[in-house]
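Residue numbers (our numbering): 6 to 63.
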């Protein structure tokens, strides 16, 4: 089962406070995304395979 997990770097916002030198090459040419999160590339979320967290003590 797949689930959406918030990015740990930007906590789901997709942006970070410090500008990073990330250059995106898109359909509109080269864009400098200064505050885009480098971990999730601005998405804020990533897809992860759902794993059981901790087994409850028996």
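Glycine included, each C-beta is placed from N, C-alpha and C at the ideal position. Computed from a predicted structure; not experimentally measured.
Rounded to the nearest angstrom, what separates residue i and residue j at their Cα positions?
i, j, result
"residue 44", "residue 15", "8 Å"
"residue 20", "residue 42", "5 Å"
"residue 48", "residue 22", "15 Å"
"residue 11", "residue 46", "12 Å"
Return the bridge partner residues of residue i from the DSSP annotation.
i, result
"residue 10", "51"
"residue 16", "DSSP, once it has assigned bridges, lists no residue as partnering residue 16."
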